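Numbering (the working numbering), first residue to last: 51 to 186.
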């Protein structure tokens, strides 16, 4: 029963991290761009999109940060040219959702050290769609 509960909580946390990263990446699309070189692709606007992505991702994993401590859940955003990457890492081994019941050697085979969620989006493509009047 303990193993089933542990596995269920790990899968719930993993899907939550994926959803949070994807939500953060989608949040960067809320302001449609103006195409290549347009005002929406200025460094200030891009940084605003990065900041919004991080805020939304943090909001989505707030339940986990509250449960295990915010020091065990790290959110990163990287802007490489016109691509935004949102990553979330949860140090499961340092702060498990439920206490370990058996010796660490037994569960080390099936319990991950970290859970990760990642998403990536190309803001230039989204900007071109936005100028055409379509929904990204």
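Note that CB positions come from ideal geometry on N, CA and C, so glycine has one too. All figures in this text were calculated on a predicted structure; none of them were measured in a lab.
Discussion item. Here's a check: name, in chain order, each residue in its chain whose Cβ is nearer than 7 Å to the Cβ of residue 55, leaving out the five neighbours to either side.
Written reply: Residue 55 sits at position 5 when you count from the first residue of the chain shown. Here the set comprises 148.
Worksheet item: Apart from the five residues just before and just after residue 164, which ones in its own chain have a Cβ nearer than 8 Å to its Cβ?
Response: Against the chain shown, residue 164 aligns to sequence position 114. A distance below 8 Å between beta-carbons, with the five flanking residues on each side excluded, links residue 164 to the following residues of its chain, in chain order: 139, 140, 141, 142, 143.
Worksheet entry | DSSP state of residue 136 mapped onto helix, strand, coil | In the chain shown, counting from the first residue as 1, residue 136 sits at position 86. Three-state result, residue 136: strand.
Discussion item. Excluding the 5 residues flanking residue 169 on each side, which residues of the same chain have their C-beta closer than 6 Å to its C-beta?
Written reply: Translated into the one-based positions of the chain shown, residue 169 becomes position 119. Counting only Cβ-Cβ distances below 6 Å, and skipping sequence neighbours, we find 71, 72, 75, 136.
Discussion item. Starting from residue 147, trace the alpha helix (DSSP H) in both directions and tell me its first and last residue.
Written reply: Locating residue 147 in the chain shown gives position 97, counting from the first residue. No alpha helix (DSSP H) contains residue 147, which DSSP labels as neither H nor E.
Worksheet item: Around the Cβ of residue 80, are there at least 16 other Cβ atoms within 10 angstroms (buried) or fewer (exposed)?
Response: As a first step, residue 80 is located in the chain shown; it is residue number 30 there, counting from the start. So residue 80 ends up on the exposed side.
Fill in: Identity of the residues DSSP links to residue 129 by a beta bridge
On the chain shown, position 79 is the one that residue 129 refers to. Paired residue(s): 134.
Item to complete: Using the Cα positions of residue 69 and residue 105, report the straight-line distance between them to the nearest angstrom.
Response: Mapped onto the chain shown, residue 69 falls at position 19. Mapped onto the chain shown, residue 105 falls at position 55. Approximately 14 Å between the Cα atoms of the pair.
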